[in-house]
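Here is the structure we will look at.
What follows is the structure in structure tokens.
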């Protein structure tokens with residue numbers, strides 16, 4: 021039996037959408053958002069109904085019902101204390117994605133929030149993958165000079181790991197056995213160092229290069 025998933029990648033300037041059946045992409049679309057459109061929402065969770073409507077329109081245009089799906093996969097958000105990989109979105113994770121003490125406000129948090137709402141309508145599971153905060157910093161990379169304020173890693177983990185894995189596959193290498201530096205350049209720019217399949221250092225989009233946007 022095949023697995024059909026809706027993929028949601030919300031960013032600061034767009035919502036990227038796709039439907040996959042197993043590993044085959046059926047449809048893909050990017051919906052751009054102007055600063056004026058998003059300025060009407062006071063908080064990130066306030067954007068959920070707006071982006072959900074866009075997603076439902078995308079599915080309808082391609083003749084897909086929520087009930088045709090096996091699950092919804094969202095981009096991982098900025099929740100502190102979780103690592104790379106996949107997580108099922110439950111009530112605790114929804115609370116963490118909405119709580120500014122447990123996470124940092126970022127468009128990626130909408131992946132789990134929107135995914136859970138859509139999945140609940142169809143009675144299917146929702147997941148997030150490769151959260152923005154997912155890294156395995158060694159102690160030396162956490163040093164700031166203030167013991168009370170250790171460094172935390174934030175970078176575009178989802179795309180950076182995806183491109184690193186793709187590079188390894190295309191060159192006959194094992195991602196878990198090589199060292200790479202990856203630059204993500206989009207609505208924000210981040211840099212990350214990958215060692216043996218783990219992100220061991222990073223420069224986030226609020227501490228490094230300015231974005232062209």
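Numbering (my numbering), first residue to last: 21 to 233. Just so you know, even glycine gets a beta-carbon here, dropped at the ideal spot from N, CA and C.
Next on the checklist: I believe residue 214 touches residue 179 by the beta-carbon criterion, under 8 angstroms. Please report the beta-carbon distance rounded to the nearest angstrom.
Outcome noted: Reading the chain shown from its first residue, position 194 is the one you call residue 214. Reading the chain shown from its first residue, position 159 is the one you call residue 179. Approximately 13 angstroms separates the beta-carbon atoms of residue 214 and residue 179; this is outside 8 angstroms, ruling out the contact.
Next on the checklist: In the DSSP assignment, the alpha helix (DSSP H) including residue 189 goes from what residue to what residue?
Outcome noted: In the chain shown, the residue the question calls residue 189 occupies position 169. For residue 189, the uninterrupted alpha helix (DSSP H) segment begins and ends at 177–190.
Checklist entry - According to DSSP, is residue 109 helix, strand or coil? => result Residue 109 sits at position 89 when you count from the first residue of the chain shown. Coil.
Item to check | Beta-carbon separation (whole angstroms), residue 211 vs residue 201, contact threshold 8 angstroms | outcome: Translated into positions along the chain shown, residue 211 becomes position 191. Translated into positions along the chain shown, residue 201 becomes position 181. About 7 angstroms; that satisfies the 8 angstroms criterion.
Next on the checklist: Would residue 107 and residue 148 qualify as a contact pair, given that the criterion is a beta-carbon distance under 8 angstroms?
Outcome noted: Taking the first residue of the chain shown as 1, we reach residue 107 at position 87. Taking the first residue of the chain shown as 1, we reach residue 148 at position 128. Cβ atoms of residue 107 and residue 148: closer than 8 angstroms.
Item to check | Cut-off 7 angstroms between Cβ atoms - residues of its own chain near residue 229, not counting five sequence neighbours on either side | outcome: Residue mapping note: residue 229 aligns to position 209 of the chain shown, counting from 1. For residue 229, where only same-chain residues beyond five positions count, the Cβ hits under 7 angstroms are 209.
Checklist entry - Can you list, in chain order, the stretches of the alpha helix (DSSP H) that have 4 or more residues and sit fully within the segment 130–160? => result The segment 130–160 contains these whole alpha helix (DSSP H) runs: 130–142.
Checklist entry - Do you know whose CA, among 46, 92, 154 and 112, lies nearest residue 83's CA? => result Taking the first residue of the chain shown as 1, we reach residue 83 at position 63. The shortest C-alpha to C-alpha distance from residue 83 to any of 46, 92, 154 and 112 is the one to 46.
Checklist entry - What is the DSSP secondary structure of residue 30, counted as helix, strand or coil? => result The sequence position of residue 30 within the chain shown is 10, counting from 1. In this structure, residue 30 counts as strand in the three-state DSSP scheme.
Item to check | Residues near residue 150 in its chain [Cβ-Cβ closer than 6 angstroms; skip 5 each side] | outcome: Within the chain shown, residue 150 is the residue found at index 130, counting from 1. Within the same chain, residue 150 has close Cβ partners 96, 104, 177, 178 and 181.
Checklist entry - When you compare only the Cα positions, how much space is there between residue 185 and residue 195? => result On the chain shown, residue 185 is found 165 positions in, with the first residue counted as 1. On the chain shown, residue 195 is found 175 positions in, with the first residue counted as 1. Going from the Cα of residue 185 to the Cα of residue 195 covers about 6 angstroms.
Checklist entry - In terms of residues, what are the limits of the beta strand (DSSP E) holding residue 49? => result For the purposes of this step, residue 49 is identified with residue 29 of the chain shown, where counting begins at 1. For residue 49, the enclosing beta strand (DSSP E) stretches over residues 44–52.
Checklist entry - Considering only C-alpha positions, which residue in the set 23, 101 and 58 is nearest to residue 127? => result Here residue 127 corresponds to residue number 107 of the chain shown, with the count starting at 1. Of the candidates 23, 101 and 58, the residue whose Cα lies closest to the Cα of residue 127 is 58.
Item to check | For residue 59, the first and last residue of its enclosing alpha helix (DSSP H) | outcome: The residue given as residue 59 occupies position 39 in the chain shown. Segment 55–59, the alpha helix (DSSP H) holding residue 59.
Checklist entry - Taking the alpha-carbon positions, what's the residue 112 to residue 129 distance? => result In the chain shown, the residue the question calls residue 112 occupies position 92. In the chain shown, the residue the question calls residue 129 occupies position 109. Residue 112 and residue 129 have their C-alpha atoms spaced approximately 13 angstroms apart.
Checklist entry - Mapping DSSP to helix, strand and coil, what is residue 88? => result Here residue 88 refers to the residue found at position 68 when the chain shown is read from its first residue. DSSP places residue 88 in helix when its eight states are reduced to three.
Checklist entry - Name the DSSP beta bridge partners of residue 82, please? => result Along the chain shown, one-based indexing puts residue 82 at 62. Partner(s): none; residue 82 has no beta bridge.
Next on the checklist: Am I right that residue 25 and residue 90 are in contact with their C-beta atoms under 8 angstroms? What's the rounded C-beta distance?
Outcome noted: Residue numbering aside, residue 25 sits at position 5 when the chain shown is read from its first letter. Residue numbering aside, residue 90 sits at position 70 when the chain shown is read from its first letter. With 8 angstroms as the limit, residue 25 and residue 90 qualify as a contact, their Cβ atoms being about 6 angstroms apart.
Checklist entry - Does the Cβ of residue 165 have 16 or more other Cβ atoms within 10 Å, making it buried, or fewer, making it exposed? => result Position 145 of the chain shown, counted from the start, is the residue given in the question as residue 165. Residue 165 should be labelled exposed.
Checklist entry - For the beta strand (DSSP E) that residue 211 lies in, which residues bound it at each end? => result Mapped onto the chain shown, residue 211 falls at position 191. Counting along the chain, the beta strand (DSSP E) containing residue 211 begins and ends at 209–215.
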